[in-house]
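See below for the structure under consideration.
There are 2 protein chains.
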Amino acid sequence: MVDSRKLKVDNGIKHILLYALAIATFIFILKWIQWKFLIVENAIHIYVGLIAILFTILGMWFTTQLLKPKTQTVFVEKHIIIQEPENFCLNQTALKKLNLTNREYQVLTLIVKGLSNAEVANELFLSLSTIKSHASSLYVKMNVKNRYQAMIKAKKMNIVK
Amino acid sequence: MVDSRKLKVDNGIKHILLYALAIATFIFILKWIQWKFLIVENAIHIYVGLIAILFTILGMWFTTQLLKPKTQTVFVEKHIIIQEPENFCLNQTALKKLNLTNREYQVLTLIVKGLSNAEVANELFLSLSTIKSHASSLYVKMNVKNRYQAMIKAKKMNIVK
DNA sequence: ATTTCCTTCATTCTTTAGTACCAATCACCC
DNA sequence: GGGTGATTGGTACTAAAGAATGAAGGAAAT
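So the sequences go chain by chain: A and B.
Anchor point for the first sequence: position 158 equals 163 in my numbering, and the numbering is continuous, going up by one each time.
Anchor point for the second sequence: position 19 equals 24 in my numbering, and the numbering is continuous, going up by one each time.
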């Protein structure tokens, strides 16, 4: 029952569609003929128009080939951050006042680097005893109790890097 | 004598020039007439040609307007010198990476000041053993051998004043 | 409830730092 | 020639630092 009714409806729609298609085709043909006459009548204008379009494109293409691209220079600041550029300035006056001998100062610089007495001895090709001697005497001259305080004082006085 | 002979020559040249001019004018007129007929006969071609030229130029002009300029980026180095006179800025990131406990960091700050373990113990009201424990574990975490190196590393890493 | 981590403290032992005192060598100056 | 100071080195001793291990209490997470 449902199927037969559906079939009826389908047939109706089919006829309507066919009719519409016929009309559409007819209109299309008419329009086409109209266009054909238009083209025939305005052949010269269309020709000129096509030429214009063609040569416009040609001119554009030609230009892209010939024209050197204009360069626009953009300046961009590149920030380079420099951490204290070796601006260590040895405090000669303070160093002289301490009255350290050359060896003592040499030992001090290595102590400040964090080396142990044994390592300093190795570095300078000297015995541990010698380093201890120099270290002790430089502590007295710097008026400090041990290597840590010597380190801090030396850095504060700007007598070592 | 010299003058009269020169005059004769001048007269001869004048005639020749006039004659040449007449012929040239005649030829020019003829050519012009010929061109005129050519133009009339080929009016449509000339028209199309002019259109072509015009639109070629138009296309070229259009392209010059459309074409984006090629940007050239120039980096200008601007050096920014950062000095650290008093503006100590704690390096939180580095400090976190070390994974020190609160007490360990506290002990470190006092070690950096140059205090001995006994002094640190006094300062924090703790036993010497406790300070030694914290110190040892922070040396391991900082990957240093002793308090001097911890001092140097801590200052270099900007994790202490 | 158990585990994990932080904190605290202790003990033992080794290494390093520092003091004190001494001595040999060398260069320089009076 | 003798005095002075820098350099090098030694011994003996004390103090401090550091490693290794253990343990107990507490807070926080699972």
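C-beta: ideal position from N, C-alpha, C; glycine also.
query: Contact between the stretch 113 to 131 of chain A and the stretch 149 to 163 of chain A (3+ Cβ pairs under 8 Å); result: yes
query: Residue-chain proximity (B/A159, chain A), Cβ-Cβ < 8 Å; result: no
query: Any C-beta of chain B under 8 Å from that of A/R108; result: no
query: A/N96 and A/I164 closer than 8 Å at C-beta; result: yes
query: DSSP bridge partner residues for A/Q77 (one or two, in chain order); result: B/T76
query: Selected residue, minimal CA-CA separation from A/A48, among B/V53, B/T68 and B/M147; result: B/V53
query: Contact list for A/T61 against chain B, beta-carbon separation under 8 Å; result: F60, T61, L63, G64 and F67
query: Nearest-angstrom Cα separation, counted from A/L22 out to A/W66; result: 49 Å
query: Near-chain B residues of the stretch 127 to 142 of chain A (beta-carbon distance less than 7 Å), N- to C-terminal order; result: none
query: Cβ separation of A/L131 and A/N122, assumed to be a contact under 8 Å, to the nearest whole Å; result: Not confirmed; about 10 Å, so no contact.
query: Of the listed residues B/L63, B/K146 and B/T68, nearest to B/N104 (C-alpha basis); result: B/K146
query: Cα-Cα separation between A/K102 and B/K102, rounded to whole angstroms; result: 43 Å
query: Residue range of the alpha helix (DSSP H) that includes B/M162; result: It is not in any alpha helix (DSSP H) - B/M162 carries neither H nor E in the DSSP assignment.
query: C-alpha distance - B/W40 paired with A/T61, whole-angstrom precision; result: 28 Å
query: Euclidean distance between Cα positions of A/K137 and A/V112; result: 10 Å
query: Straight-line gap, B/I38 to B/Q77 (C-alpha atoms, nearest Å); result: 57 Å
query: N- and C-terminal bounds of the alpha helix (DSSP H) containing A/N127; result: N122 to L129
query: Alpha-carbon spacing of A/V125 relative to A/S142, whole angstroms; result: 15 Å
query: N- and C-terminal bounds of the alpha helix (DSSP H) containing B/V149; result: Run containing B/V149: none; DSSP gives neither H nor E here.
query: Span of the alpha helix (DSSP H) around A/L59; result: A48 to L71
query: Contact set between A/Q154 and chain B, taken where Cβ atoms lie within less than 9 Å; result: G119
query: Contact under 8 Å by Cβ, A/I56 with B/I34; result: no
query: For B/K41, three-class secondary structure by DSSP; result: helix
query: Burial state of A/E82, where buried means 16 or more other Cβ atoms lie within 10 Å; result: exposed
query: Span separating the alpha-carbon of A/Y110 from that of A/M162; result: 13 Å
query: Alpha-carbon spacing of A/T135 relative to A/M156, whole angstroms; result: 19 Å
query: B/T98, buried or exposed, once every other Cβ within 10 Å from all chains shown has been counted against 16; result: exposed
query: Cutoff 8 Å: B/T98 Cβ touching any chain A Cβ; result: no
query: Cross-chain neighbours of B/A48 in chain A, by beta carbon under 7 Å; result: Ordered by position in chain A, no residue passes the 7 Å Cβ test against B/A48, which lies about 11 Å from the chain.
query: Buried or exposed (CB count within 10 angstroms, at least 16 for buried), A/L120; result: buried
query: Backbone CA spacing between A/A140 and B/L100 [nearest angstrom]; result: 33 Å
query: Neighbour flag for A/A57 against chain B, beta carbons, 8 Å; result: yes
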